[in-house]
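Numbered by this note's numbering, the letters in the sequence shown go through residues 2 to 342 in order. Where a beta carbon is used, it is the ideal one built from N, C-alpha and C, also for glycine. What you are looking at is a predicted structure, and each value in this text was computed from that prediction instead of being measured. Everything below concerns the one structure shown next.
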Amino acid sequence: MFTIRYWQKELAFEYPFTISKGTKTHQPTFIVELNFRGILGYGEAPAIAYYGITTDQMVADFEAKRKFVESFSLTDPKRFWHFLHHLFPKNPFLVCALDMAGWDIYGKLRRKPLYELWNLNLANTPKTDYTIGIDSLEKMLEKIDAHPAPIYKIKVGTADDLEKLKAIRQHTHAIIRVDANAGWSFDQALEILPVLEQLSIELIEQPLAKEDLEGAKILKEATSIPIIADESCVGERDVEKCADYFSGINIKLTKCSGITPALDMIKKARLLNLQVMLGCMNESNIGTAALAHLAPMVDFLDADGPLLLKEDLGAGIEFVDYQWKPTLLPGLGITPFLERL
2 MFTIRYWQKE
12 LAFEYPFTIS
22 KGTKTHQPTF
32 IVELNFRGIL
42 GYGEAPAIAY
52 YGITTDQMVA
62 DFEAKRKFVE
72 SFSLTDPKRF
82 WHFLHHLFPK
92 NPFLVCALDM
102 AGWDIYGKLR
112 RKPLYELWNL
122 NLANTPKTDY
132 TIGIDSLEKM
142 LEKIDAHPAP
152 IYKIKVGTAD
162 DLEKLKAIRQ
172 HTHAIIRVDA
182 NAGWSFDQAL
192 EILPVLEQLS
202 IELIEQPLAK
212 EDLEGAKILK
222 EATSIPIIAD
232 ESCVGERDVE
242 KCADYFSGIN
252 IKLTKCSGIT
262 PALDMIKKAR
272 LLNLQVMLGC
282 MNESNIGTAA
292 LAHLAPMVDF
302 LDADGPLLLK
312 EDLGAGIEFV
322 DYQWKPTLLP
332 GLGITPFLER
342 L
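The structure is reproduced here in structure tokens:
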């Protein structure tokens, strides 16, 4: 049986964070602590407006069924996830936070970091990118200078995207990825693809509206740049669907409902010859820890949440030159800053 605490936090960004869907200065997030026989497990789920789930909704849904979660006896995190999935079928964000905490406890019970439980080769861990939100060109270049990185993810979805990308390419020799968050029209995307190839763009995330699968397929066939599904690939049921239309998928723990389904999605994507990106939703160190442990399984990593925030909620996950430095601690390997919670 569990005893459970949780917190709702507003994490300030270093810079206002703008994508094609809007701007925010803080990231709302939900942190949960599960206490299982004195062993503490932690999980996190940021609230994302365009998915329609707030931290208040996570709290309300949890409190409505708290007694059922507290009565669960943890033996296997996958069994725990299935229980949660049926208990909260309309709130994958809440399920994600609880599932993550369950895996943290399980690793501590087994006295192993999660990557050891999964027998992963850490030599395969990709470097994370650093995200540059939509801004004036001058501000975007200032951010690049302030945060020298081997890989940048550039948010796009405005009329002057191409002008900015050309200037950024002249400014840095780093790898560049672009993420439209469904902000381009089909005609716009098709027109600029040849120029993006000339700029050596590594990949393009979700160029079109999530429903425009046929458009995505045409783009995929028109370019050598991988077209990666994000909003078009939410959960496991979407992986097979995306195989015909995209080069790869971006798995985010919060939207897919946790570590457990992410493991299955990675496996299914590999069977379908899809490339795999692991993405963040601006989690603190707590949620980013789960991404780091999964990272050796994927091709591309976007785990820069803590790098974008002014202040973090935990320690234990460290990136050296944007490369994850593995923890030796069991479970997620993080130590929450309880005084900040």
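**As assigned by DSSP and simplified to three states, the class of Pro-114** = As a working note, residue 114 is residue 113 in the sequence shown. Three-state result, Pro-114: strand.
**Item:** Residues near Val-42 by beta carbon distance below 6 Å, same chain, minus five either side
**Value:** By 1-based counting over the sequence shown, the position of residue 42 is 41. Looking at the sequence shown, residue 42 is not Val but Gly. Around Gly-42: Leu-35, Ala-102, Asp-105, Ile-106.
**Item:** Reduced DSSP category for Phe-84 - H, G, I as helix; E, B as strand; rest coil
**Value:** Residue 84 sits at position 83 when you count from the first residue of the sequence shown. Helix, per DSSP.
**Prompt:** Taking all protein chains shown into account, do 16 or more other C-beta atoms lie within 10 angstroms of the C-beta of Gly-53, making it buried, or fewer, making it exposed?
**Reply:** As a first step, residue 53 is located in the sequence shown; it is residue number 52 there, counting from the start. So Gly-53 counts as exposed.
**Prompt:** According to the Cβ coordinates, are Ala-304 and Thr-129 closer than 8 Å?
**Reply:** Position 303 of the sequence shown, counted from the start, is the residue given in the question as residue 304. Position 128 of the sequence shown, counted from the start, is the residue given in the question as residue 129. Yes, the pair counts as a contact, with Cβ atoms nearer than the cut-off.
**Message:** Using a Cβ-Cβ cutoff of less than 7 Å, which residues in the same chain neighbour Leu-115 once the five nearest sequence positions on both sides are dropped?
**Reply:** If you number the sequence shown from 1, residue 115 lands on position 114. So the list reads Trp-104, Gly-108, His-294, Gly-332, Leu-333, once near-sequence residues are dropped.
**Prompt:** What three-state label does DSSP hand Tyr-323 in the structure shown?
**Reply:** The residue you call residue 323 lines up with position 322 of the sequence shown. Under the three-state reduction of DSSP, Tyr-323 is assigned to coil, being neither helix nor strand.
**Request:** Compare the Cα-Cα distances from Gln-58 to each of Glu-164, Gln-28, Gln-9 and report the closest residue.
**Result:** Residue mapping note: residue 58 aligns to position 57 of the sequence shown, counting from 1. Comparing alpha-carbon positions, the option among Glu-164, Gln-28, Gln-9 lying closest to Gln-58 turns out to be Gln-9.
**Asked** Since Thr-30 contacts Ala-46 with CB under 8 Å, what's their CB separation in whole angstroms?
**Response** The sequence position of residue 30 within the sequence shown is 29, counting from 1. The sequence position of residue 46 within the sequence shown is 45, counting from 1. Confirmed, about 7 Å.
**Prompt:** Any idea if Asn-120 is buried or exposed, counting beta-carbon neighbours within 10 angstroms, 16 or more meaning buried?
**Reply:** Locating residue 120 in the sequence shown gives position 119, counting from the first residue. It counts as exposed.
**Request:** Could you tell me the distance, in whole angstroms, from the CA atom of Trp-199 to the CA atom of Lys-167?
**Result:** Numbered from its first residue, the sequence shown carries residue 199 at position 198. Numbered from its first residue, the sequence shown carries residue 167 at position 166. Residue 199 is actually Gln in this sequence, not Trp. Here the alpha carbons of Lys-167 and Gln-199 stand approximately 10 Å from one another.
**Asked** Would Glu-11 be called buried (16 or more neighbouring beta carbons within 10 Å of its own) or exposed?
**Response** Counting from one through the sequence shown, the residue named residue 11 turns up at place 10. Per the 10 Å Cβ criterion, exposed.
**Message:** Taking the straight line between their C-alpha atoms, what separation do you get for Gly-158 and Thr-24?
**Reply:** Within the sequence shown, residue 158 is the residue found at index 157, counting from 1. Within the sequence shown, residue 24 is the residue found at index 23, counting from 1. If you take the alpha carbons of Gly-158 and Thr-24, they lie about 13 Å apart.
**Message:** Quick check on Met-282: does DSSP put it in helix, strand or coil?
**Reply:** On the sequence shown, residue 282 is found 281 positions in, with the first residue counted as 1. In the structure shown, Met-282 sits in coil (DSSP, three-state: anything other than H, G, I, E or B).
**Message:** Please report the distance separating the alpha-carbon of Glu-340 from that of Leu-194.
**Reply:** Locating residue 340 in the sequence shown gives position 339, counting from the first residue. Locating residue 194 in the sequence shown gives position 193, counting from the first residue. In this structure, the alpha-carbon of Glu-340 lies about 49 Å from that of Leu-194.
**Item:** Arg-170: first and last residue of the uninterrupted beta strand (DSSP E) it sits in
**Value:** Start at 1 with the first residue of the sequence shown, and residue 170 comes out as number 169. Here Arg-170 belongs to no beta strand (DSSP E); instead the alpha helix (DSSP H) covers 162 to 172.
**Request:** Quick one: grab the DSSP three-state call for Gly-42.
**Result:** Numbered from 1 along the sequence shown, position 41 holds the residue referred to as residue 42. The DSSP-derived three-state label of Gly-42 is strand.
**Request:** Could you tell me which of Pro-262, Lys-66, Trp-82, Thr-4 sits nearest to Phe-365, measuring between CA atoms?
**Result:** This structure cannot speak to residue 365, because the chain is shown only from 2 to 342.
**Item:** Integer Cβ distance of Ala-210 from Ala-183, believed to fall under 8 Å
**Value:** As a working mapping, residue 210 is identified with position 209 in the sequence shown. As a working mapping, residue 183 is identified with position 182 in the sequence shown. By a beta-carbon distance limit of 8 Å, Ala-210 contacts Ala-183. Their separation comes to about 5 Å.
**Message:** To the nearest angstrom, how far is the alpha carbon of Phe-187 from that of Phe-247?
**Reply:** Here residue 187 refers to the residue found at position 186 when the sequence shown is read from its first residue. Here residue 247 refers to the residue found at position 246 when the sequence shown is read from its first residue. Cα to Cα, Phe-187 sits roughly 14 Å from Phe-247.
**Asked** Relative to the alpha-carbon of Arg-238, which residue among Glu-215, Asp-161, Pro-337, Ile-267 has its alpha-carbon at the smallest distance?
**Response** Position 237 of the sequence shown, counted from the start, is the residue given in the question as residue 238. Selected option, being the one with the closest Cα: Ile-267.
**Prompt:** Relative to the C-alpha of Val-240, which residue among Asp-136, Leu-88, Gln-276 is closest?
**Reply:** For this step, residue 240 is matched to residue 239 along the sequence shown. When the alpha-carbon of Val-240 is set against those of Asp-136, Leu-88, Gln-276, the nearest one is in Gln-276.
**CB of Ile-202 within 8 Å of CB of Ile-177, strictly** = Along the sequence shown, read from residue 1 onward, the residue named residue 202 stands at position 201. Along the sequence shown, read from residue 1 onward, the residue named residue 177 stands at position 176. In this structure, Ile-177 lies closer than 8 Å to Ile-202 by Cβ.
**Message:** Judging by CA-CA distance, which residue of Arg-112, Glu-117, Tyr-7, Pro-17 is the nearest neighbour of Leu-310?
**Reply:** Locating residue 310 in the sequence shown gives position 309, where the first residue counts as 1. Of the candidates Arg-112, Glu-117, Tyr-7, Pro-17, the one whose C-alpha sits nearest the C-alpha of Leu-310 is Pro-17.
**Asked** What three-state label does DSSP hand Phe-63 in the structure shown?
**Response** The residue labelled residue 63 in the question sits at position 62 within the sequence shown. It is helical.
**Asked** For Leu-118, which residues of its own chain have a beta-carbon under 8 Å away from its beta-carbon, when the five flanking residues on both sides are left out?
**Response** The residue given as residue 118 occupies position 117 in the sequence shown. Cβ neighbours of Leu-118 within its own chain (closer than 8 Å, five residues either side excluded): Tyr-107, Gly-108, Arg-111.
**Request:** Select from Ile-152, Phe-320, Ser-285 the residue whose C-alpha is nearest the C-alpha of Ile-32.
**Result:** Counted from its first residue, the sequence shown places residue 32 at position 31. Considering only alpha carbons, the answer is Ser-285.
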